[in-house]
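Below is one structure, written out as structure tokens; comments come after it.
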Amino acid sequence: PEPEPEPEPDPEPGAGPEPEPELQAPGAPSLERLRALRWATLGYQYQWTTRTYSVDPAHVTTMPSRLSSLCAALAGATGHPMEPQAAIVNYYHPKSTMGGHVDDAELDLSLPLVSLSLGLSAVFLCGGRTRDVGPTAIWLRSGDAVIATGPARLCYHGVPRIMAGTSPGFLTDAESYWRLLTAPGSE
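Okay, so the sequence shown: first residue is 1307 according to the working numbering, each after it adds one.
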């Protein structure tokens, strides 16, 4: 008798039917995978389970030069020059939230945090050094930046609400987004 054929492997979680080919830029990840993505790290890699950054050269990726230059210029404009070493890129959909937390795992806590908002508008809450301090709500739109320095560097902050339908038109489809990420000079 003939051997039974091997069963098909289970699809990856979140994998579904691929979108129509004309909706994808050449070489772009599938739209389904982009939609499932929630965060990525650049530069020093953040280890979520241990809340530490890995500085092992085998785990460090290149910071995109335009992102690094922009963050350095923004921090420098506040009187806090720095050379960015890591970025955590959070991807939010309209039902996303980020609970209140303090970013205290960086290697040098005297350096500022630079947060750039691209895409959907959001409510950003900034509190105090303890959870006892009530937060201030700040409306962030695509293109806004928040630079936390000094005592604000170690304050609790979070994102309780993302606003659907507020993304600039050029960021609303994956192909435009992919072109932006892969444009010359974005390495």
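Beta carbons: idealized from backbone N, C-alpha and C, even for Gly.
Handout entry: Contiguous beta strand (DSSP E) assignments of at least 3 residues, all confined to the region 1359-1411
Key = Uninterrupted beta strand (DSSP E) stretches at least 3 residues long and entirely within the region 1359-1411 occur at 1392-1396 and 1404-1407, given in chain order.
Exercise for the section: Taking all protein chains shown into account, decide if P1273 is buried (16 or more other Cβ within 10 angstroms of its Cβ) or exposed. Expected result: The structure shown does not extend to residue 1273, since the chain is modelled only from 1307 to 1493, so the question has no answer here.
Handout entry: Same chain, Cβ closer than 8 Å to V1366, neighbours up to 5 away in sequence not counted
Key = Within the same chain, V1366 has close Cβ partners G1349, Y1350, Q1351 and S1360.
Exercise for the section: Determine the burial state of H1463: buried for a count of at least 16 other Cβ atoms within 10 Å of its Cβ, exposed for fewer. Expected result: Buried, since its Cβ has 16 or more Cβ neighbours within 10 Å.
Practice task
Classify R1437 as buried or exposed, calling it buried when 16 or more other Cβ atoms lie within 10 Å of its own Cβ.
Solution key: So R1437 counts as exposed.
Exercise for the section: Please classify R1467: does DSSP put it in a helix, a strand, or coil? Expected result: It is a strand residue.
Handout entry: Alpha-carbon to alpha-carbon, S1427 and F1476
Key = F1476 and S1427: Cα-Cα distance of roughly 14 Å.
Exercise for the section: Please classify R1459: is it buried, with 16 or more other beta-carbons within 10 angstroms of its beta-carbon, or exposed? Expected result: Residue burial is scored here from C-beta neighbours: R1459 has at least 16 other C-beta atoms within 10 angstroms and is therefore classed as buried.
Handout entry: Boundaries of the beta strand (DSSP E) in which Y1350 is found, first to last residue
Key = It is not in any beta strand (DSSP E) - Y1350 carries neither H nor E in the DSSP assignment.
Practice task
Taking F1430 as part of the beta strand (DSSP E), name the residues at either end of that continuous run.
Solution key: DSSP places F1430 in the uninterrupted beta strand (DSSP E) bounded by S1427 to C1432.
Practice task
Closer than 8 Å by C-beta to A1443: which residues in its own chain qualify, once you throw out the five before and the five after it? Chain order, please.
Solution key: Excluding residues within five positions, the ones whose Cβ falls inside 8 Å are V1429, F1430 and L1431.
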